[in-house]
Amino acid sequence: MYISTENYRQICEEVRRWNAQLVAVSKTKPVEAIQELYALGHRDFGENYVQEASEKQVRLPQDIRWHFIGHLQTNKVKYIAPFVHLVHGIDSLRLLKEVNKQGQKLNRTIPVLLQVHIAREETKFGFDQKELEELLCNEEELQQLENIQINGLMGMASFLDDTALVRQEFKNLKAIFDRCRQQSIAHADFQILSMGMSGDYHIALEEGSTMVRIGSLLFGNR
Ligand SMILES: *Cc1c(COP(=O)(O)O)cnc(C)c1O
Numbered sequence: 005m006y007i008s009t010e011n012y013r014q015i016c017e018e019v020r021r022w023n024a025q026l027v028a029v030s031k032t033k034p035v036e037a038i039q040e041l042y043a044l045g046h047r048d049f050g051e052n053y054v055q056e057a058s059e060k061q062v063r064l065p066q067d068i069r070w071h072f073i074g075h076l077q078t079n080k081v082k083y084i085a086p087f088v089h090l091v092h093g094i095d096s097l098r099l100l101k102e103v104n105k106q107g108q109k110l111n112r113t114i115p116v117l118l119q120v121h122i123a124r125e126e127t128k129f130g131f132d133q134k135e136l137e138e139l140l141c142n143e144e145e146l147q148q149l150e151n152i153q154i155n156g157l158m159g160m161a162s163f164l165d166d167t168a169l170v171r172q173e174f175k176n177l178k179a180i181f182d183r184c185r186q187q188s189i190a191h192a193d194f195q196i197l198s199m200g201m202s203g204d205y206h207i208a209l210e211e212g213s214t215m216v217r218i219g220s221l222l223f224g225n226r
């Protein structure tokens with residue numbers, strides 16, 4: 005047994021109460037762990053590494069919705085493009101263009117989220133607010149990206165025990181999200197705000213998250 009059914013049900017119920025969705029982050033965990041959650045009816049799984057995601061995808065049921073939540077390198081987009089359900093971590097125009105290019109080759113539209121840097125830590129990936137605005141204002145460029153759909157934003161709060169800070173970071177991201185929703189942007193439909201992990205998802209839900217990404221709380225520590 006990799007997961008506790010009761011624990012899973014509790015998290016599901018809480019997430020549902022907020023009208024949000026749960027992505028079970030299965031990175032580094034074996035396919036058997038995923039199968040356990042699958043048997044309980046869960047279909048949305050999150051992975052961080054291209055090779056691991058690809059290997060799991062061929063071994064597991066085809067109706068699983070694979071979320072790519074890690075940092076994606078441009079030269080690896082082609083490996084996940086055929087099956088990925090949602091790419092959470094778009095952090096450059098270059099990467100967005102590459103996803104579009106691979107979508108075009110496959111004749112599919114690939115849903116993506118733009119990652120926004122909201123944390124204190126320097127190391128986290130993502131657009132800062134100014135870069136995001138620049139991208140979204142670049143109408144000419146976005147018009148041409150017919151094989152992607154920008155479905156929302158993703159962000160990670162600081163890995164700190166400072167709940168006031170974490171809450172403020174989520175508030176900031178929600179405010180950016182609300183501004184994006186009000187704009188009319190080519191190939192964009194801002195519906196998903198992906199924020200909240202094992203340690204901070206309660207706060208994220210309170211601050212307007214529509215999708216939480218939970219790993220260790222479901223599968224145990226990595
Ligand atoms: C690993 C990871 C998660 C899940 O983290 P937990 O703390 O185990 O819930 C969520 N989001 C991203 C981007 C991750 O890399």
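Take 5 as the starting number for the sequence shown in the working numbering and just add one per residue. Every residue, glycine too, gets a C-beta built ideally from N, C-alpha and C. Being a predicted model, the structure only gives us computed values, none of them experimental.
Beta carbon of Leu221: closer than 7 Å to some heavy atom of ligand 1?
Residue mapping note: residue 221 aligns to position 217 of the sequence shown, counting from 1. Leu221 Cβ: within cutoff of ligand 1.
When you measure from the CB of Met215 to every non-hydrogen atom of ligand 1, does any distance come out below 7 Å?
Taking the first residue of the sequence shown as 1, we reach residue 215 at position 211. No, ligand 1 has no heavy atom inside 7 Å of this Cβ.
Closer than 7 Å: Lys80 CB and nearest ligand 1 heavy atom
Indexing the sequence shown from 1 puts residue 80 at position 76. Lys80: no, Cβ never under 7 Å from ligand 1.
Best match in Glu102, Leu110 and Gly74 for proximity to Glu93 [C-alpha to C-alpha]:
For the purposes of this step, residue 93 is taken as the residue at position 89 of the sequence shown. Reading off the sequence, residue 93 comes out as Gly, not Glu. That would be Gly74, whose Cα lies nearest to the Cα of Gly93.
Just the Cα atoms here: how many angstroms apart are Ser30 and Ala43?
Sequence index remark: in the sequence shown, residue 30 carries index 26 (1-based). Sequence index remark: in the sequence shown, residue 43 carries index 39 (1-based). Cα to Cα, Ser30 sits roughly 15 Å from Ala43.
Beta-carbon separation of Thr113 and Asn151 under 8 Å?
Walking along the sequence shown from the start, residue 113 turns up at place 109. Walking along the sequence shown from the start, residue 151 turns up at place 147. Result yes, Cβ atoms of Thr113 and Asn151 sit closer than 8 Å.
Closer than 7 Å to a non-hydrogen atom of ligand 1 - does that hold for the CB of Met199?
Position 195 of the sequence shown, counting from 1, holds the residue named residue 199. The answer is no for Met199.
Less than 8 Å separating the beta-carbons of Leu146 and His191?
Translated into the one-based positions of the sequence shown, residue 146 becomes position 142. Translated into the one-based positions of the sequence shown, residue 191 becomes position 187. For Leu146 and His191, yes; Cβs fall inside 8 Å.
Output the residue ranges of the beta strand (DSSP E) runs that lie fully inside the segment 35-75 and measure 3 residues or longer, sorted by chain position.
48-51 and 69-72
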